[in-house]
């Protein structure tokens, strides 16, 4: 049982976090295609509030590697477990089928953490990208990856393995490489179990070094107990590794077994942080209560 299970949600959702579900027929069509192809999307698994808008705009985020993650992050809706299903060799083609049927123009590929695999899931990204491009080479593909860390006890060897997995994904030429810090440094251990602030910053720095032509992106959830000063310090750290794009959104608690919301940041505060991010040199900034990692990604 989660240690959070007895803690009730902090309060009712503020008005600015309430929005219509969107076009019901479009939602049903996309959900039907996803189910028919036995796929997973983070849009559905994470109950994203923007999924109706994104589907209508021709974008979607597919979740590769199954529906069970080997990490146990306290904020995430995706199921956890140390024994995920074997890799489905036909998954890439089924994603490509769905992309073609949905007539998508911009696709974000993410994946559960697969610490059980030798390449930690790097080939899940490359095989799916190849399958999609075989149908339509003009579709833009963004990747949102885990940290590719682990599998080797020695730190230097683990770092080399992480870099090799990253290089494999970057060699497939995504239009953007995304890896989320999720929260400020002080809260990493509580929120992102199995990942660290330094490793994630290192991954973003390595991506810029290995493929300087591919822009990098990261995202933060607000409302986990961070201060404004800590958020700004994190933005500074991201710019220090030349991260060009940033998303800032409100954390919404998926269930009583997940970490509670500490507070709801107001829309004006998100606007103020967006201005700070632009002043720091981020080329693209998305900041608002309902913003998520892939929100308006095609822009």
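In our numbering, the protein residues as written are 4 to 302. Backbone N, C-alpha and C fix where the C-beta goes; we use that ideal spot for every residue, glycine too.
Around the beta carbon of residue 248, 16 or more other beta carbons sit within 10 angstroms, so the residue counts as buried.
The beta carbon of residue 125 sits closer than 6 Å to those of 168, 171 and 172, all from its chain and outside the five residues before and after it, given in chain order. In this structure, the CA atom of residue 227 is about 9 Å from the CA atom of residue 253. When the five nearest sequence neighbours on each side are left out, the beta carbons in the same chain lying within less than 6 Å of the beta carbon of residue 291 are those of 273, in order along the chain. For residue 222, the enclosing beta strand (DSSP E) covers residues 219–225.
Per DSSP, residue 144 is not a residue of any alpha helix (DSSP H); the beta strand (DSSP E) it occupies stretches across 143–147. The Cβ atoms of residue 225 and residue 207 lie no closer than 8 Å to each other. By the neighbour-count criterion, in which a residue is buried when 16 or more other Cβ atoms sit within 10 angstroms of its Cβ, residue 174 is exposed. Under the three-state reduction of DSSP, residue 64 is assigned to strand. Excluding sequence positions up to five before and after residue 153, its CB lies within less than 6 Å of the CB of 118, all in the same chain and listed in chain order.
DSSP, reduced to helix, strand and coil, places residue 107 outside both helices and strands of the structure shown, so it counts as coil. DSSP places residue 251 within a strand segment (E or B) once states are collapsed to three.
Residue 159 is classed as exposed because its beta carbon has fewer than 16 other beta carbons within 10 Å across all chains shown. Counting only the Cα atoms, residue 288 lies some 7 Å from residue 281. Excluding its 5 nearest sequence neighbours in each direction, residue 132 has C-beta neighbours in its own chain below 6 Å: 144 and 175, listed in chain order. The way I'd put it, the region 260–270 doesn't touch the region 212–222; fewer than three beta-carbon pairs between them come closer than 8 Å. Of the residues 97, 67, 189 and 164, the one whose Cα lies closest to the Cα of residue 155 is 164.
Exclusion of the five residues before and after residue 198 leaves 150 as the residues of its chain whose Cβ lies within less than 6 Å of its Cβ. Its chain contains 238 and 242 as the residues whose beta carbon lies nearer than 6 Å to that of residue 283, once the 5 sequence neighbours on both sides are disregarded; these appear in chain order. Short of 7 Å from the beta carbon of residue 146, and not among the five residues preceding or following it, lie these beta carbons of its own chain, in chain order: 112, 128, 172, 177, 180 and 181.
Counted as a single uninterrupted DSSP element, the stretch harbouring residue 285 is not any alpha helix (DSSP H), since DSSP gives it neither H nor E. The beta carbon of residue 190 lies closer than 7 Å to those of 227, 228 and 229 in the same chain, with the five residues before and after it left out. In the DSSP assignment, residue 180 falls within the unbroken beta strand (DSSP E) covering 179–181.
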